[in-house]
């Protein structure tokens, strides 16, 4: 409810920690900002009219969905074809923890390195679209992981192949998550809560969708075909990022929302 355009010392209204934490102060803040309840309630929907936001959420949806689909397929295959017991599957699931940890560590340094590299070549400025550069290697990593996992699941390769490439895919989506959030937060600092919520919705929608379609898809066409199509979708989604980097600045300049 408060306006993030203002720095703390510049706010035309005082912010007290406890009253703002529990929402007691929010009606007064909204009144001072001349923002009605309806306007505030519609903010999550109005931000979705911004093409960069919608395109970023679609890109994230198309990538996160297959992380869940792999997790679903691997769990069932380990039980039916590899003879894993529930405890074994539980330990095997550490691939996700390892993958996102590696993605976090690698992404932490890569994001800073890419930002510094871009700033040196643009007079010290970092445009929001520069935050998306790192999604290209992440998308390639996820695409290759899906291809290998498809063949590994269908041909019953060693379970460590599944663990390694599922972890690599998790690392890729971790890097992508940071890049997409950084881009949207840089582009719309006044709508930080709203854009973060839509990124989370992309994750939720993708996860639920993948859970319902994955097993019938694999059983009907085979894992190599199903995950191969998913790899093609993941790879093609990079065109969304390319379009955002090409036209994102122009679309934001035409926006009525203050960035």
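Residue numbers (my numbering): 523 to 781. The beta carbon of each residue, even a glycine, is placed where N, CA and C say it ideally should be.
Could you round the C-beta distance between residue i and residue j to whole angstroms and report it? I think they count as a contact, below 8 Å.
{"i": "residue 693", "j": "residue 622", "result": "7 Å"}
{"i": "residue 582", "j": "residue 724", "result": "4 Å"}
{"i": "residue 601", "j": "residue 661", "result": "Residue 601 to residue 661, Cβ: 31 Å. No contact."}
Going by the beta-carbon positions, is the gap between residue i and residue j smaller than 8 Å?
{"i": "residue 585", "j": "residue 695", "result": "yes"}
{"i": "residue 654", "j": "residue 756", "result": "no"}
{"i": "residue 637", "j": "residue 648", "result": "yes"}
{"i": "residue 720", "j": "residue 589", "result": "no"}
{"i": "residue 587", "j": "residue 729", "result": "yes"}
{"i": "residue 740", "j": "residue 753", "result": "no"}
{"i": "residue 697", "j": "residue 632", "result": "yes"}
{"i": "residue 614", "j": "residue 606", "result": "yes"}
{"i": "residue 657", "j": "residue 689", "result": "no"}
{"i": "residue 597", "j": "residue 611", "result": "yes"}
Suppose you measure from the CA of residue i to the CA of residue j; what does that come to, to the nearest Å?
{"i": "residue 731", "j": "residue 641", "result": "39 Å"}
{"i": "residue 744", "j": "residue 770", "result": "38 Å"}
{"i": "residue 627", "j": "residue 580", "result": "26 Å"}
{"i": "residue 650", "j": "residue 712", "result": "14 Å"}
{"i": "residue 665", "j": "residue 558", "result": "45 Å"}
{"i": "residue 683", "j": "residue 717", "result": "36 Å"}
{"i": "residue 523", "j": "residue 735", "result": "Low confidence applies to residue 523: its pLDDT is 42, below 50, so where it sits in the model is not reliable enough to give any reading."}
{"i": "residue 659", "j": "residue 625", "result": "12 Å"}
{"i": "residue 663", "j": "residue 560", "result": "43 Å"}
Do the stretch 676 to 684 and the stretch 760 to 776 meet, that is, are 3 or more Cβ pairs less than 8 Å apart? Taking a cut-off of 8 Å on C-beta distances, the stretch 676 to 684 does not touch the stretch 760 to 776, as fewer than three cross pairs fall below it.
Would the stretch 558 to 578 and the stretch 699 to 709 be scored as touching if the rule is three or more Cβ pairs under 8 Å? In short, these stretches touch, since the Cβ pair count reaches three.
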